[in-house]
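Sequential numbering from 71 applies to the sequence shown in the numbering used here.
Here a beta-carbon is modelled for each residue, glycine too, at the ideal position from N, C-alpha and C.
For clarity, every value in this text was computed on a predicted model and none was experimentally measured.
All remarks here apply to the structure that follows.
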Amino acid sequence: MRHERCSAFGSRYGRSGSLEGTMKRMSIAILFLLGSSGVVLAHDLFLKLDIYALAPRARARVWVFNGTFEQSEAAVARARVVEITLLTPIGRQHVPVERWREVGARSLFEVETEEAGTYVAGVALAPREITLTAEQFNAYLEHEGLSEMLAWRRQKGELQKGARERYAKYAKVIFQVGERRTDAFRQPLGYPVEIVLEEHPLDLQVGGVLRVRCLKDGRPLPQQVVFAGWEGAAPLRAQTDAEGIARFEIKRAGTWYVKFIHMVPVSDSHIEYQSWWATLTFEIAPGGDRKGSEGEEKSTSHTPPMQLRSEPSQN
Numbered sequence: 071m072r073h074e075r076c077s078a079f080g081s082r083y084g085r086s087g088s089l090e091g092t093m094k095r096m097s098i099a100i101l102f103l104l105g106s107s108g109v110v111l112a113h114d115l116f117l118k119l120d121i122y123a124l125a126p127r128a129r130a131r132v133w134v135f136n137g138t139f140e141q142s143e144a145a146v147a148r149a150r151v152v153e154i155t156l157l158t159p160i161g162r163q164h165v166p167v168e169r170w171r172e173v174g175a176r177s178l179f180e181v182e183t184e185e186a187g188t189y190v191a192g193v194a195l196a197p198r199e200i201t202l203t204a205e206q207f208n209a210y211l212e213h214e215g216l217s218e219m220l221a222w223r224r225q226k227g228e229l230q231k232g233a234r235e236r237y238a239k240y241a242k243v244i245f246q247v248g249e250r251r252t253d254a255f256r257q258p259l260g261y262p263v264e265i266v267l268e269e270h271p272l273d274l275q276v277g278g279v280l281r282v283r284c285l286k287d288g289r290p291l292p293q294q295v296v297f298a299g300w301e302g303a304a305p306l307r308a309q310t311d312a313e314g315i316a317r318f319e320i321k322r323a324g325t326w327y328v329k330f331i332h333m334v335p336v337s338d339s340h341i342e343y344q345s346w347w348a349t350l351t352f353e354i355a356p357g358g359d360r361k362g363s364e365g366e367e368k369s370t371s372h373t374p375p376m377q378l379r380s381e382p383s384q385n
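Here you go:
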């Protein structure tokens, strides 16, 4: 299994006397060094729920984090949203963009669950362009694991050249409604880039292996650097194989994310680089769930049944 810790990610972790506190101090130091050099740090886009196991016919808030997985740095304006999609057991729905609203440094939209099953919510943002100095762009490539692009710039003699980049972001989140499992978790939304789980989230267990498939235009994306993790720890790093699959050891339960940035040089009068950003959020339950599809018993484990809750209404 090819994976490693990458301590250059994340920014706000845990208590100062713990491993999480150590990671926090390391991250702050890295951010200070980058910031003092004028480096523009990228904001990832994540979708998160307050809870990931809901009851049928409930309303759920989907929070939009624009920054790190732990903290959103700035709300995303509604004008940037291309579409909001919801995969349900009965098909694909388009959530009205009018439901998008800004709450402080975060954004959110609400969805309604219907019958029991596995759901996926997704958001696509309109592309944007940014101009960076050579120092900023090189540090950004290194920070985001884009070593091949950095090597390409070195080979072309462009390390001292600034860059104009067009980027587009796509985020998804998986959640469960009731006990019944359906296959929405493995269905692509058709985004230019996206991440798909190979196994149902309820089958994932601590000590096992998380397998994700990375896609570009619906096809497997080989040799792509991918990161995965959870709150309070530096992410794991892996690279996809020829089938676009990256593998990570599942070290703990909780809310996980997977992310990657795919970038290519382009010949355009306005930009030199094009990038596509993909994230996926989901929950790994403590001990793993032992139910099979359609709620049938899968083993004789005495794991307590999943607790189902409705989202509390917002004040």
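When secondary structure is reduced to three states using DSSP, A209 falls in the helix class. Contact check for V146 against L178 fails: the beta carbons are separated by 8 angstroms or more. When rounded, the separation of the alpha-carbon atoms in E180 and A130 is 6 angstroms. Shown here, P271 sits in a helix according to DSSP, grouped into three states. The criterion of a C-beta distance shorter than 8 angstroms is not satisfied by L195 and V263. Bridge pairing for E353: T325 [DSSP].
Between I341 and the set T155, R198, Q163, the nearest pair of CA atoms involves R198. Note: Q293 is not bridge-paired with any residue in the DSSP secondary-structure output.
Under DSSP, H113 takes part in no beta bridge, so it has no partner. According to DSSP, residue pairing for I341 in a beta bridge does not occur. Nearest in C-alpha terms to V282, of all of Q293, R317, Q294, V295, is R317. Counting only runs of at least 3 residues, the region 143-201 fully encloses the following beta strand (DSSP E) elements, listed from N- to C-terminal order: 151-158, 161-165, 171-173, 176-182, 187-195. Under the three-state reduction of DSSP output, R234 falls in the strand class.
Taking C-beta separations shorter than 7 angstroms and ignoring five residues to either side along the sequence, the partners of E184 in its chain run P126, R127, T158, I160, following chain order. Sixteen is the threshold: since fewer than 16 other Cβ atoms of the shown chains lie within 10 Å of the Cβ of L229, the residue is exposed. Per DSSP, the continuous alpha helix (DSSP H) segment holding R224 begins and ends at 217-225. F245 sits in a strand when the DSSP states are folded into three classes. Secondary structure at F139: coil, using DSSP grouped into helix, strand and coil. In the three-state scheme derived from DSSP, where H, G and I count as helix and E and B as strand, R256 is classed as helix. For G299, the beta-bridge partners assigned by DSSP are Y327.
Of the candidates W170, L216, E182, the residue whose Cα lies closest to the Cα of Q246 is E182. With respect to the C-alpha of S345, the residue from P166, Q206, V328, E235 having the closest C-alpha is E235. Only buried fits T188, as 16 or more other CB atoms lie within 10 angstroms of its CB. Note that the C-beta distance between Y237 and Y261 is not below 8 angstroms.
Taking the Cβ atoms as the reference, L285 lies roughly 6 angstroms from G314, within the contact range of under 8 angstroms. For the pair T155 and L220, the CB atoms are not nearer than the 8 angstroms cut-off.
Rounded to the nearest angstrom, the Cβ distance from H332 to L291 is 6 angstroms, consistent with a contact under 8 angstroms. With respect to the 8 angstroms criterion, V266 and R251 are not classified as neighbours on the basis of their beta carbons. Contact between V190 and A254 holds: their C-beta atoms lie close to 5 angstroms from each other, under 8 angstroms.
Collapsing the DSSP output to three states places A204 in a helix. For I315, the enclosing beta strand (DSSP E) begins and ends at 315-319.
A residue is called buried once 16 or more other Cβ atoms fall within 10 Å of its Cβ, and T201, having fewer, is exposed. Within its own chain, the residues whose Cβ lies closer than 8 angstroms to the Cβ of Q309, once the five positions on either side in sequence are excluded, are R72, Q293, Q294, V295, V296, A316, listed in chain order. The beta carbon of V336 lies closer than 6 angstroms to those of Q344 in the same chain, with the five residues before and after it left out.
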